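**Student:**
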DNA sequence: TAGCAGACTTAGTATCGTGCAC
DNA sequence: GTGCACGATACTAAGTCTGCTA
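Residue numbers (our numbering): 9 to 881.
(1) Does the structure place the region 771-791 close enough to the region 663-671 that three or more beta carbon pairs sit under 8 angstroms?
(2) Using only the alpha-carbon positions, how far apart do residue 380 and residue 516 sit?
(3) Counting pairs of beta carbons, one from the region 521-536 and one from the region 505-512, are three or more of them closer than 8 angstroms?
(4) Three-state secondary structure (DSSP) at residue 7?
(5) Which class does residue 421 belong to by DSSP, given the choice of helix, strand or coil?
(6) With three or more beta-carbon pairs closer than 8 angstroms as the criterion, would you say the region 457-473 touches the region 395-403?
(7) Let me check one thing: in DSSP terms, what residues is residue 683 bridge-paired to?
(8) From residue 6 to residue 364, what does the alpha carbon distance come to, in whole angstroms?
(9) For residue 7, which three-state DSSP category applies?
(10) Report the residue from 439, 829 and 403 whose alpha carbon sits nearest the alpha carbon of residue 781.
(11) Less than 6 angstroms between C-beta atoms, sequence neighbours within five positions excluded: which residues of the same chain meet that for residue 672?
(12) Residues in the same chain with beta-carbon distance under 8 angstroms from residue 826, minus the five sequence neighbours each way, listed in chain order, please.
(13) Give me whichever residues DSSP pairs with residue 638 in a beta bridge.
(14) For a test of the three-state rule: what should DSSP assign to residue 689, helix, strand or coil?
(15) Please list the terminal residues of the continuous alpha helix (DSSP H) segment that includes residue 657.
(16) Output the distance between the C-alpha atoms of residue 418 and residue 371, rounded to the nearest integer angstrom.
(17) Whole angstroms is fine: what's the gap from residue 677's alpha carbon to residue 565's?
(18) Can you say whether residue 617 is buried or exposed, counting buried as having 16 or more other CB atoms within 10 angstroms of its CB?
(19) State the Cα-Cα distance for the pair residue 414 and residue 627, rounded to the nearest angstrom.
(20) What runs of the alpha helix (DSSP H), each 4 residues or longer, lie entirely inside the region 687-724?
(21) Counting Cβ pairs closer than 8 angstroms, one from the region 559-578 and one from the region 488-503, do we hit at least three?
(22) Find out if the Cβ-Cβ distance for the pair residue 846, residue 881 is shorter than 9 angstroms.
(23) DSSP three-state call for residue 664: helix, strand or coil?
(24) Measuring alpha carbon to alpha carbon, tell me which residue in 733, 426, 779 and 538 is nearest residue 439.
(25) List the DSSP bridge partners of residue 383.
(26) Residue 741 by DSSP, collapsed to three states: which one?
(27) How is residue 540 classed by DSSP in three states: helix, strand or coil?
(28) Could you please give the first and the last residue of the uninterrupted beta strand (DSSP E) stretch that includes residue 483?
(29) May I ask you to report which of helix, strand or coil DSSP gives residue 492?
(30) What is the residue span of the beta strand (DSSP E) that residue 528 lies within?
(31) Spatial neighbours of residue 304 within its chain, please: CB distance less than 7 angstroms, with the 5 preceding and 5 following residues excluded, ordered by chain position.
(32) Whole angstroms are fine: how far does the CA of residue 359 sit from the CA of residue 589?
(33) In whole angstroms, give me the CA-to-CA distance for residue 330 and residue 479.
(34) Out of 784, 696 and 373, which has the shortest C-alpha to C-alpha gap to residue 656?
(35) Hey, could you find the ends of the alpha helix (DSSP H) residue 759 is sitting in?
In structure tokens, the structure reads:
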């Protein structure tokens, strides 16, 4: 895939930049039609009431929509008789032109001349008189060199602005009100409330385990004892949750639908054709199996009541210790493996017919600090209430982390912490600077050390306990098959660790209680039992979704789910489907490419922007770039949300024409830095899109991911922007493997070829990682080994085996160096059709274990089973 | 039809556990 | 036997995209 430009990527997670929001807000308001020049200047001075956050009259999408609506009238005068630059661009571009000379004339300039955006828009977006005086330079200028590359002016400015802005929390009030509005019922989870008042707690064994023991007492005062089964019936009877009515009707409908589906399938199967009959047979078998599995789960009894005796545990552990049993177990597991890919696919909407599980495993309760471990305020020891102390420990544990040095983190933490303090504590604790968490920090460091230093037996015991929990809560029954759950534990309380410059970092992530959790399971299954004294928020039966449980987290007010492991049928099937869509794209991609090339000359600005954006998505594997709510997350962008400040145009650079320099923060605030030559029309269009815009303005102001995806959907069913990433990743792997593999090489050399192909994809997709802490050291050690082996060879004492070893080591060195900052895992797991790798292994005699570890082999079991050496993506 | 919520995938980092060198 | 390094796994943040609603 020589057509994809991947050079020049450098890593840098933005630490101090990306805080352009205020500036950007002002600019966008201008695009909304609110911004006349005078207003813009006021905005620059930070005049109140002009930024989008004030009054929230327009969400990002709203602003964009307004501009786009006006934009429909902005039609380019030129019809596109343009001579395209046949030399420009890369291999990829040339391939598009292999049909021969394309007769066109220079289009873009005409377009630009005839459509001065500012004029056509009549002041909307590009205010009159706001034309740049000369060629618009990059907002940041050259910037200074930093570790990750150039530190750009926009980042610096943004950081400064953010600092000036202080730590005001925009939109927080609105959000809070929204939360109070009813969606999140527990503004303060009962746990925290009562902890303040009741430091001494009675803990039941079960409650301790499931995070509910403390709650028994809490509930006493507030809510009536519910009996704690939290089942459907209980919800219907009204549990004081205030939602039971709608819950009931919703649930009813869903449950009934589920039954109808089942009935339908059976009726249809009766007089069906062979395939249908086979399906019916399979279903019967599944039902049988499901019954058995269900019985098995039932035998184990409700989670909360189950108590395994120590004796039993010992027996179990002894048994599993024997190698023979291990082998047997493995064999059995192998036999039990569900080859769902050999079964006929079911209809898409219904995800399961039977779903049974034990609910989430709750994070352990807080254990108070020993009396000798103290918190100090202003140099004086201070006894904190339990809730306050617990939150203090969250901060103390992170003391040696960079997070705690950040002002936003500190401010968010302190504000949330104060909210949870008693009145008296609030009076005393006025400044975070005067808080001394060192002793608490040390306590946890020591505790951690002690845990590591435990004798082998103790460690083994702990592991067995963990395994037991995994066995009990980590699996579910899905359509008669035991499936592994991906994340069966609720997220423990702590401090939010947003990535990059996240405005909410340091905020308190509250404890998830059973009352926050919605359970999803089949109606006739054993409904999970909530911890004693607690009840679920809701129990529903929705077989159109794949999650087992969900709750709303308090930081972003978004949903979190408990879902299945990637090795499961539900995930595997979806994965397979994803690669099939990407393969279908292969068949139409040439057509799509010629279409977007044609659209570069469109009379409509919107169409041109879409065509250029699509070119970037295809050529550079950029993400779609949805609009994000400002102030809620770090300022990151993707293709559609690129701003003018994120690209620089160079008519000539490094001996190449029409160069575009990209520099922006993408997903997870990972810097995307790349210099690419583009085709002349693209270059000219970009110039046009940037005209009369400020650095903070959207580059593609007439484009949204929604409109882009609906356009793609029309071109090919199932096609969306992200499919291009999957397609380009997989096709790159396939092509690189073909180019790099030498059948005569040994396995080590072949693996190096594979890793290089994998690496090409990782670079393309900008999958980066921090250089491992031990990189230098381990590299030196490896090189020392090479030297030793080399010396032996010189003395001709080396045997063939050692030569091989040397070769292997050399390969390792190369591989390691090349892989220093590249994360191969992400592409391997998410973008590369596993059948390509499987076919390659089979073709070149490389054991599949060399490519995929156990987990990966489980995930891609379907591909390993079905792909032969001739598989072509 | 825009906006939003919900459902899902993608992603990097933290932690765990195993195997190897000494 | 011990400590270290590294791969595996766990965790959860941060994206994408679809379908519903006003």
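Cβ coordinates follow ideal geometry from the N, Cα and C atoms, glycine included. Remember, it's a predicted structure, so these values are computed and weren't measured experimentally.
**Tutor:** Based on what the coordinates show:
(1) no
(2) By 1-based counting over the first chain, the position of residue 380 is 372. By 1-based counting over the first chain, the position of residue 516 is 508. The alpha-carbon atoms of residue 380 and residue 516 are separated by roughly 26 angstroms.
(3) no
(4) For residue 7 there is no data in the structure shown, the boundaries of the chain being 9 and 881.
(5) Residue mapping note: residue 421 aligns to position 413 of the first chain, counting from 1. Helix.
(6) no
(7) Against the first chain, residue 683 aligns to sequence position 675. Partner(s): 669.
(8) Outside the displayed span of the chain (9 to 881) sits residue 6, for which this structure offers no information.
(9) Here the chain comprises residues numbered 9 to 881, so residue 7 is not present and cannot be evaluated.
(10) What you label residue 781 is simply residue 773 of the first chain in a count that begins at 1. With distances taken between Cα atoms, residue 781 lies closest to 829.
(11) Within the first chain, numbered from 1, the residue matching residue 672 stands at position 664. The residues are 645, 654 and 680.
(12) Mapped onto the first chain, residue 826 falls at position 818. Excluding positions up to five away in sequence, the list reads 763, 764 and 767.
(13) As a first step, residue 638 must be located in the first chain, where it is residue number 630. Beta-bridge pairing links residue 638 to no other residue.
(14) As a position in the first chain, residue 689 is number 681, starting the count at 1. Residue state, collapsed to three classes: helix.
(15) Working through the first chain from its first residue, we reach residue 657 at position 649. Looking at the DSSP string, residue 657 is not in any alpha helix (DSSP H); the run it does join, the beta strand (DSSP E), is 655-661.
(16) By one-based count along the first chain, residue 418 stands at place 410. By one-based count along the first chain, residue 371 stands at place 363. Taking the straight line joining both Cα atoms gives about 25 angstroms.
(17) Translated into positions along the first chain, residue 677 becomes position 669. Translated into positions along the first chain, residue 565 becomes position 557. One C-alpha to the other measures close to 21 angstroms.
(18) As a first step, residue 617 is located in the first chain; it is residue number 609 there, counting from the start. The residue is buried, with at least 16 neighbouring Cβ atoms inside 10 Å.
(19) In the first chain, residue 414 corresponds to position 406, counting from 1. In the first chain, residue 627 corresponds to position 619, counting from 1. Roughly 37 angstroms separates the two Cα atoms.
(20) 688-698 and 713-723
(21) yes
(22) The residue labelled residue 846 in the question sits at position 838 within the first chain. The residue labelled residue 881 in the question sits at position 873 within the first chain. Contact: no.
(23) One-based indexing of the first chain puts residue 664 at position 656. The answer is strand: DSSP assigns residue 664 an E or B state.
(24) Along the first chain, read from residue 1 onward, the residue named residue 439 stands at position 431. Checking every option, the nearest Cα to that of residue 439 belongs to 426.
(25) Stepping through the first chain from its first residue, residue 383 is reached at position 375. According to DSSP, which records beta bridges pairwise, residue 383 is partnered with 390.
(26) Walking along the first chain from the start, residue 741 turns up at place 733. Residue 741 falls in the helix class under three-state DSSP.
(27) As a working note, residue 540 is residue 532 in the first chain. Here residue 540 sits in coil by DSSP.
(28) Locating residue 483 in the first chain gives position 475, counting from the first residue. Looking at the DSSP string, the run of the beta strand (DSSP E) that includes residue 483 is 483-486.
(29) Within the first chain, residue 492 is the residue found at index 484, counting from 1. Residue state, collapsed to three classes: strand.
(30) Taking the first residue of the first chain as position 1, residue 528 is located at position 520. Per DSSP, residue 528 belongs to the beta strand (DSSP E) from 526-528.
(31) As a working note, residue 304 is residue 296 in the first chain. Because the pLDDT of residue 304 is 42, which lies under 50, any placement of that residue in the model is unreliable, and the number read from its coordinates should be weighed accordingly. Excluding residues within five positions, none has a Cβ falling inside 7 angstroms.
(32) Against the first chain, residue 589 aligns to sequence position 581. Against the first chain, residue 359 aligns to sequence position 351. Approximately 19 angstroms between the Cα atoms of the pair.
(33) Stepping through the first chain from its first residue, residue 330 is reached at position 322. Stepping through the first chain from its first residue, residue 479 is reached at position 471. Note that residue 330 has pLDDT 44, beneath the 50 cutoff, so the model's placement of it is unreliable and no number is given.
(34) On the first chain, position 648 is the one that residue 656 refers to. Per the Cα distances, 696.
(35) Within the first chain, residue 759 is the residue found at index 751, counting from 1. Residue 759 -> alpha helix (DSSP H) spans 755-772.
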